[in-house]
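Undergrad: Handing you a structure now.
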Amino acid sequence: MAAASAGFICNVNVPKPVVIKLFSLNHVIKRRLSTSVTRCQSQPQVKKRSCPQMVGVVGLEVHAQINSTSKLFSGSQVSFSSPPNSRVSYFDASLPGTLPVLNRRCVEAAVMTGLALNCTINMKSLFDRKHYFYADMPAGYQITQQRLPIAVSGLLIYSHLGGPKRNQVISKSIRIKQIQLEQDSGKSLHDEHQSQTLIDLNRAGVGLMELVMEPDMSCGEEAAAAVRELQLILQALGTCQGNMSEGQLRVDANVSVHRPGEPLGVRTEVKNINSIRHLARAIDHEIQRQMELLEQGGVVQNETRAFDQKTGLTIPMRDKEGLQDYRFMPEPNLPPLLLYVSGRVPAGLDPSQVVLVDRVKALLPELPGVRRERLVEEYGILPEHSYTLVNEDGLADYFETVVKATKAEPRKVIGWVVKELLSNLNQQNLKVNQSLVAARALAELLDLLETGHVSSTAAKVVFQELWKNPEKGAEKIIQEQNLGLMSDAATLQIICQKVVESHPEEVKAIQNGNHKVLNKLMGQVQKETKGRADPVQVRAILQELTSS
Amino acid sequence: TQAGITALRAAEPLKGLGWPGNPVSVALREGRVSATDLCRKCLQRIRETHYLNAYISVTEELAMQQAEEAELRLLRGEPRGILDGVPFSVKDNFCTQGVETTCASLMLKGYTPPFNATVVQKLLDQGAVLLGKTNLDEFAMGSGSTDSSFGPVRNPWSEAVTGGRSSMELGSDWAIAGGSSGGSAAAVASLSCYLSLGSDTGGSTRNPGALCGVVALKPTYGVLSRHGLIPLVNSMDVPGILTRRVCDAAIVLDILRGPDERDSTTVPSPALDCALTEELDLTRITVGIPQEYHAPGLSPETARQWERVAAALAAAGARVREVSLPHTQHSIVCYHVLCCSEVASNMARFDGLEYGHRSSVETSTDALYAATRHEGFNDVVRRRILAGNYFLLKQNYERYFVKAQQVRRLIADDFSRVFCSGVDVLLTPTTLCDAPTYTHFTQEDNRTRSTQEDVFTQPVNMAGLPAVSVPVALSARGLPISLQLIGSKMQDKKLLSVAHWLEQQVDFPQICFRGDDEARERTQGV
């Protein structure tokens with residue numbers, strides 16, 4: 157017995173330490189779907205003739221850090237930039253004799269998220285202990301909700317752009333199996349030189365919502381679009397800040413391949429993904445790898461693999477080898493988590509101390525899907541534009557601010573926002589709130605365009621000038637650079653005359669009835685005037701000059 | 103010199119420490135004894151009885167400082183509460199701020215918690231004076247207080263003098279104190295403190311209380327906060343109260359009870375104020391005698407006391423009837439599964455990283471864990487961890503843990519049925535017999551002993567009920583025999599009222615050490 161005592165520790169599956177990379181804050185991760193490398197239409201395919209074609213099956217497990225001021229079971233503050241181990245209560249450090257006390261704010265966040273994802277909210281849920289030895293898991297177990305989670309059976313409705321021109325909005329949905337409340341772990345920092353591990357427990361005990369999705373996706377792009385939609389929803393709710401590079405949103409992908417109609421293949425779990433772009437790459441690579449492996453007569457191992465963002469490959473995680481037995485057990489220190497609805501709170505309970513599902517529901521903000529519909533309906537814009545507006549952080553707000561401040565039609569505004577503004581932002585890798593042209597400045601420019609002070613071609617030049625000199629304002633730039641609309645009839649007459657004379661072929665074509673060619677002449681006039689000529693007058697003059 | 107304590111009690115033998123008209127509390131208030139004198143005498147008593155090994159640490163300086171502060175308050179006529187200046191001790195598995203808390207394990211040797219357990223804090227808030235931390239089986243796993251890394255606890259009655267002769271003619275052998283709160287029971291029994299906090303998971307307060315002849319109360323689960331109690335089995339652990347008299351236990355319970363925001367399993371409970379001053383109308387009380395408690399191994403002496411007290415209750419007008427608790431017999435094996443499982447889980451935090459013992463083996467994190475835990479825990483703890491991890495394995499969970507939980511429900515239902523049928527309290531023995539000798543007890547291993555010793559106490563924890571052990575007589579060997587009263591949930595007050603009546607009837611003798619008599623003579627007039 158005594159001899160076995162050292163051995164029993166091995167019996168409980170002690171994982172080896174794993175290096176958790178500390179993220180670098182200046183690493184700018186682009187979250188734009190447009191940058192996603194893959195698309196489902198071109199899903200990885202093995203060229204070999206095989207019938208029917210194999211397809212990927214993807215399910216996600218998302219850990220969303222709850223945006224609350226204190227941790228899930230302790231009063232320690234949640235903070236990302238505090239010195240190591242400065243946000244650690246006695247409970248977080250697992251001092252013996254400490255007990256968990258559930259943070260009501262975290263429960264409300266989970267309920268709100270569950271409602272937003274069309275889940276059934278369990279009015280009674282339970283907490284369990286999940287055991288494993290890990291240096292940054294001080295208690296030797298994580299408190300989670302294995303048996304009866306707070307929310308189940310939801311639906312995440314998302315869409316992505318598809319079609320030959322990639323301007324078609326394709327709507328899809330994923331079943332959400334459950335949302336469970338659980339504790340985050342601390343962080344280990346391995347110093348290979350001195351062969352020591354440093355532990356920071358600031359993150360230990362922060363509230364997480366684990367969202368388990370059914371394997372309803374088939375490729376990286378779908379997964380990326382779904383996670384982006386989830387991110388937007390969480391951010392709209394304020395229940396999670398959703399920044400993947402800061403670890404507020406962590407996504408693991410369960411990937412397998414099979415031929416439709418056949419049972420699902422053996423799956424692997426891909427971890428270590430810290431951006432949506434990498435998620436798509438990791439999944440597509442893994443699908444490709446599995447397909448090739450099977451085509452070569454190989455067998456997919458049920459294993460955990462890490463995504464290497466440098467190579468774009470997934471590699472087995474050595475220390476996750478072997479099946480863990482987590483030895484789940486009910487958490488005895490927490491009574492069942494009970495939720496209520498207004499007016500039905502049992503006597504003796506303070507309604508302000510319990511979570512009322514109907515109250516949380518009433519606080520639900522406008523969700524991204526609803527917002528897109530509203531934008532289309534209210535402003536008459538295209539669905540794909542509403543998609544872009546909502547998916548870019550702050551872009552819809554920017555758009556609506558411009559629309560409210562300008563006389564220009566929303567349908568005109570949208571072009572400026574999704575083309576001029578967005579391409580400038582993308583070129584310089586800026587976020588909407590970093591835009592050098594403020595919404596108000598753009599509105600002013602569009603007003604000048606609308607009132608005929610500037611032509612649309614010149615307005616684009618003004619926009620670029622504004623971008624360089626945001627402090628000047630559109631009106632001043634137009635003045636200084638003489639970009640105002642040229643509407644002096646005599647001057648335009650001279651220029652048009654010149655153009656007509658230098659393009660006899662085109663004139664002949666027009667006179668033969670090909671009126672489209674007039675546009676070419678108009679272009680020539682604008683070229684001469686650097687786009688400043690009043691197009692209405694020019695057209696009239698040209699028509700007159702070519703009609704004889 | 104320790105006579106101050108005994109003499110004061112002798113003056114009012116039936117009154118408790120803090121009851122109106124009570125000797126110590128009143129003597130302190132009236133200035134007939136000073137808090138510092140009292141504290142000094144208790145510390146002296148601890149030194150004189152150090153061979154009992156009741157204390158792991160004695161906080162002499164801190165105690166004197168607290169006593170001085172209490173004395174100033176008492177002199178000003180502004181005591182903090184009824185316990186101001188009253189010396190107490192705490193089992194060494196309750197966290198005490200700035201005072202080493204070991205759980206009698208090498209794993210926590212030298213560990214000093216940065217906070218007080220809620221129940222400790224409540225006593226300190228009353229002005230009670232902390233004398234030290236009492237001995238126990240390592241991490242409260244045991245029923246003898248023989249498995250402590252600080253050595254076993256001796257039963258004070260082994261050393262007592264009854265009728266001018268030493269009560270035990272055992273040569274070099276001595277009786278065990280029972281456990282796991284043996285240190286607390288021995289401390290109260292040897293009169294070195296007026297009250298002690300124990301913990302009770304399967305009988306750990308009542309068992310040593312019974313063997314050491316003191317009142318041992320296990321309140322309803324949830325009435326007392328477990329915050330700061332280093333857990334054994336969270337779903338059964340309850341802080342226990344050990345005192346000389348039932349009314350003292352009632353006073354302490356009333357002070358300690360109440361919801362604690364740091365322990366989500368605490369619940370509001372009715373006040374006990376003046377519970378025991380009311381005359382108990384026994385004709386309105388129905389006492390149940392569980393037939394299954396006529397267990398094999400029950401000593402004839404204990405059985406006789408059980409019958410005697412049942413008869414006394416009947417004679418006083420109570421309805422006494424036999425009841426059945428059919429699932430009780432499965433309690434021990436069920437407890438074993440649940441206890442080991444929670445132990446495996448609760449002990450997982452002791453990895454040497456954040457606090458406590460850390461091995462010097464540092465070849466890898468795994469090796470550090472393994473060596474730390476091997477060095478820090480004794481065999482008993484390691485065996486329970488091993489068994490618990492086995493029960494919790496995915497393939498075993500349904501077969502062991504879930505089954506045990508179902509049986510636990512059946513056991514609890516047995517009690518509910520009996521109480522719903524009109525029974526107010528159950529009367530049972532607390533232990534099978536009086537305290538065994540150390541030599542005899544250690545012939546069997548810890549698990550076997552726990553199985554035997556907890557048979558009457560442990561079903562109560564399964565059901566979360568209140569129970570109290572009251573000493574009723576001395577055995578032929580001069581060792582205490584105690585009986586247990588079990589109440590229904592939240593009926594701690596009714597339970598204590600019956601216990602109080604019982605205590606008055608049985609006239610349990612006062613412990614007397616060699617030299618106590620003369621000292622008492624001298625201080626009788628205090």
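Protein sequence lines, in the order shown, are assigned to chains A and B.
Count along the first sequence from 1, add 156, and you get the number used in this note's numbering.
Count along the second sequence from 1, add 102, and you get the number used in this note's numbering.
For glycine and all other residues, C-beta sits at the position ideal for the given N, C-alpha and C.
#1: If you run the structure through DSSP and keep just helix, strand and coil, what is residue 313 of chain A?
#2: Note down the Cα distance separating residue 148 of chain B from residue 288 of chain B, rounded to an integer number of angstroms.
#3: Beta-carbon within less than 6 Å of residue 606 of chain A's beta-carbon, same chain only, minus the 5 sequence neighbours each way: which residues are those?
#4: So with Cβ pairs under 9 Å, would you call residue 449 of chain B a contact of chain A?
#5: What does residue 425 of chain A pair with, by DSSP beta-bridge criteria?
#6: Within its chain, find whatever has a CB closer than 6 Å to the CB of residue 593 of chain B; leave out the 5 residues flanking it on each side and keep chain order.
#7: Thinking residue 486 of chain B and residue 243 of chain B are a contact (beta carbons under 8 Å), I'd like their distance in whole angstroms, please.
#8: Compile a chain-ordered list of the residues in the segment 205 to 236 of chain B whose CB is closer than 9 Å to at least one CB of chain A.
#9: Using a C-beta cutoff of 9 Å, does residue 302 of chain B count as contacting chain A?
#10: Helix, strand or coil, according to DSSP, for residue 338 of chain B in the structure here?
#11: Whose C-alpha, out of B:347, B:132, B:491 and B:528, is nearest the C-alpha of residue 415 of chain B?
#12: Using a C-beta cutoff of 9 Å, does residue 488 of chain A count as contacting chain B?
#13: In angstroms, rounded to a whole number, what distance separates the CA positions of residue 256 of chain A and residue 512 of chain A?
#14: Using 10 angstroms around the beta-carbon of residue 141 of chain B, count the other beta-carbons present and answer buried if the total reaches 16, otherwise exposed.
#15: Out of B:126, B:176, B:451 and B:596, which has the shortest C-alpha to C-alpha gap to residue 389 of chain B?
#16: What residues match up with residue 157 of chain B in a beta bridge as DSSP calls it?
#17: Can you tell me which of the three DSSP states residue 535 of chain A falls into?
#18: With a cut-off of 9 Å, does the C-beta of residue 306 of chain A fall near any C-beta of chain B?
#19: With burial defined as no fewer than 16 other Cβ atoms inside 10 Å of the residue's Cβ, what is the status of residue 604 of chain A: buried or exposed?
#20: Within 10 angstroms of the Cβ of residue 311 of chain A, are there 16 or more other Cβ atoms? Answer buried if so, exposed if not.
#21: Between the segment 296 to 330 of chain A and chain B, which residues of the former have a C-beta closer than 9 Å to a C-beta of the latter?
#22: Measuring only the C-alpha atoms, how far is residue 363 of chain B from residue 331 of chain B?
#23: Could you name the residues of the segment 173 to 200 of chain B whose beta carbon sits closer than 9 Å to any beta carbon of chain A, in the order they occur along the chain?
#24: Would a check of beta-carbon distances place residue 321 of chain B closer than 9 Å to chain A?
#25: Specify the secondary structure class of residue 502 of chain B as computed by DSSP and reduced to three states.
#26: Tell me where the alpha helix (DSSP H) around residue 476 of chain B begins and ends.
#27: Around the C-beta of residue 121 of chain B, are 16 or more other C-beta atoms found within 10 angstroms, so that it is buried, or is it exposed?
#28: Note down, in chain order, every chain B residue with its Cβ under 7 Å from the Cβ of residue 511 of chain A.
#29: Which residues of the segment 238 to 249 of chain A have a Cβ closer than 8 Å to any Cβ of chain B? Give them in chain order.
#30: For residue 302 of chain B, list the residues DSSP reports as bridge partners.
#31: Going by other Cβ atoms of all chains shown within 10 Å of its Cβ, with 16 needed for buried, is residue 683 of chain A buried or exposed?
#32: Note down, in chain order, every chain B residue with its Cβ under 7 Å from the Cβ of residue 261 of chain A.
#33: Relative to the alpha-carbon of residue 584 of chain B, which residue among B:590, B:591 and B:570 has its alpha-carbon at the smallest distance?
#34: List, in order along the chain, the chain A residues whose C-beta lies closer than 8 Å to that of residue 503 of chain B?
#35: In the DSSP output, what is residue 278 of chain B paired with across the bridge?
#36: Give me the residue from B:159, B:351 and B:423 with the minimum Cα distance to residue 235 of chain B.
TA: Answer, in terms of the structure:
#1: For the purposes of this step, residue 313 of chain A is identified with residue 157 of the first sequence, where counting begins at 1. Residue 313 of chain A sits in a strand when the DSSP states are folded into three classes.
#2: Position 46 of the second sequence, counted from the first residue, corresponds to residue 148 of chain B. Position 186 of the second sequence, counted from the first residue, corresponds to residue 288 of chain B. The C-alpha of residue 288 of chain B is placed about 11 Å away from the C-alpha of residue 148 of chain B.
#3: Stepping through the first sequence from its first residue, residue 606 of chain A is reached at position 450. Take residue 606 of chain A, set aside five residues on each side of it, and the residues of its chain with a beta-carbon closer than 6 Å to its own are 563 and 564, in chain order.
#4: Position 347 of the second sequence holds residue 449 of chain B. Yes, because at least one Cβ of chain A sits closer than 9 Å to the Cβ of residue 449 of chain B.
#5: Here residue 425 of chain A refers to the residue found at position 269 of the first sequence. A:410 and A:460, per the DSSP bridge assignment.
#6: As a position in the second sequence, residue 593 of chain B is number 491, starting the count at 1. Its chain contains no residue whose beta carbon lies nearer than 6 Å to that of residue 593 of chain B once the 5 sequence neighbours on both sides are disregarded.
#7: Reading the second sequence from its first residue, position 384 is the one you call residue 486 of chain B. Reading the second sequence from its first residue, position 141 is the one you call residue 243 of chain B. The pair is a contact, with the Cβ atoms about 6 Å apart (cut-off 8 Å).
#8: 205, 210, 213, 215, 216, 217 and 219: these are the residues of the segment 205 to 236 of chain B whose beta carbon lies less than 9 Å from some beta carbon of chain A, given in chain order.
#9: Within the second sequence, residue 302 of chain B is the residue found at index 200, counting from 1. Among the CB atoms of chain A, none fall inside 9 Å of the CB of residue 302 of chain B.
#10: Working through the second sequence from its first residue, we reach residue 338 of chain B at position 236. In this structure, DSSP gives residue 338 of chain B a state outside helix and strand, which the three-state scheme calls coil.
#11: As a working note, residue 415 of chain B is residue 313 in the second sequence. Considering only alpha carbons, the answer is B:528.
#12: Within the first sequence, the letter at position 332 stands for residue 488 of chain A. Proximity of residue 488 of chain A to chain B, defined by a Cβ-Cβ separation below 9 Å, is satisfied.
#13: Counting from one through the first sequence, the residue named residue 256 of chain A turns up at place 100. Counting from one through the first sequence, the residue named residue 512 of chain A turns up at place 356. Spanning the two alpha carbons is a distance of roughly 22 Å.
#14: Numbered from its first residue, the second sequence carries residue 141 of chain B at position 39. Result: buried.
#15: Position 287 of the second sequence, counted from the first residue, corresponds to residue 389 of chain B. When each option's Cα is compared against that of residue 389 of chain B, the closest is B:596.
#16: Start at 1 with the first residue of the second sequence, and residue 157 of chain B comes out as number 55. According to DSSP, which records beta bridges pairwise, residue 157 of chain B is partnered with B:236.
#17: Here residue 535 of chain A corresponds to residue number 379 of the first sequence, with the count starting at 1. Note: residue 535 of chain A maps to helix in three-state DSSP.
#18: For the purposes of this step, residue 306 of chain A is taken as residue 150 along the first sequence, with counting starting at 1. Taking Cβ atoms only, chain B never reaches closer than 9 Å to residue 306 of chain A, which makes this a no.
#19: Position 448 of the first sequence, counted from the first residue, corresponds to residue 604 of chain A. Buried, by the Cβ-count rule.
#20: The count along the first sequence starts at 1 and reaches residue 311 of chain A at position 155. Exposed is the label assigned to residue 311 of chain A, since fewer than 16 other Cβ atoms lie within 10 Å of its Cβ.
#21: Near chain B, meaning a CB-to-CB distance below 9 Å, the residues of the segment 296 to 330 of chain A are 296 and 297.
#22: Here residue 363 of chain B refers to the residue found at position 261 of the second sequence. Here residue 331 of chain B refers to the residue found at position 229 of the second sequence. Whole-angstrom Cα-Cα distance: 15 Å.
#23: Listed in sequence order: 195, 196 and 197.
#24: For the purposes of this step, residue 321 of chain B is taken as the residue at position 219 of the second sequence. At a cut-off of 9 Å between beta-carbon atoms, residue 321 of chain B makes no contact with chain A.
#25: Start at 1 with the first residue of the second sequence, and residue 502 of chain B comes out as number 400. If DSSP states are grouped into helix, strand and coil, residue 502 of chain B belongs with the helices.
#26: Reading the second sequence from its first residue, position 374 is the one you call residue 476 of chain B. 467 to 478 is the extent of the alpha helix (DSSP H) around residue 476 of chain B.
#27: Within the second sequence, the letter at position 19 stands for residue 121 of chain B. Reliability of the predicted coordinates at residue 121 of chain B is poor, the pLDDT of 39 falling under 50, and the value obtained from them is presented with this limitation in mind. Around the beta-carbon of residue 121 of chain B, 16 or more other beta-carbon atoms lie within 10 Å, marking it buried.
#28: As a position in the first sequence, residue 511 of chain A is number 355, starting the count at 1. In chain order: nothing, as chain B lies at least about 15 Å away.
#29: Here the close residues are 246 and 249.
#30: Locating residue 302 of chain B in the second sequence gives position 200, where the first residue counts as 1. Answer by DSSP bridge pairing, in chain order: B:340.
#31: Counting from 1 along the first sequence, the entry for residue 683 of chain A is found at position 527. Burial call: exposed.
#32: Counted from its first residue, the first sequence places residue 261 of chain A at position 105. Within 7 Å Cβ-Cβ: nothing; residue 261 of chain A doesn't reach chain B, min ~15 Å.
#33: Along the second sequence, one-based indexing puts residue 584 of chain B at 482. Nearest Cα to residue 584 of chain B within the set B:590, B:591 and B:570: B:570.
#34: On the second sequence, position 401 is the one that residue 503 of chain B refers to. The contact set of residue 503 of chain B on chain A, defined by CB atoms closer than 8 Å, consists of 485 in chain order.
#35: The sequence position of residue 278 of chain B within the second sequence is 176, counting from 1. Residue pairing from DSSP places residue 278 of chain B in a beta bridge opposite B:256.
#36: Indexing the second sequence from 1 puts residue 235 of chain B at position 133. For residue 235 of chain B, the nearest C-alpha among the options comes from B:159.
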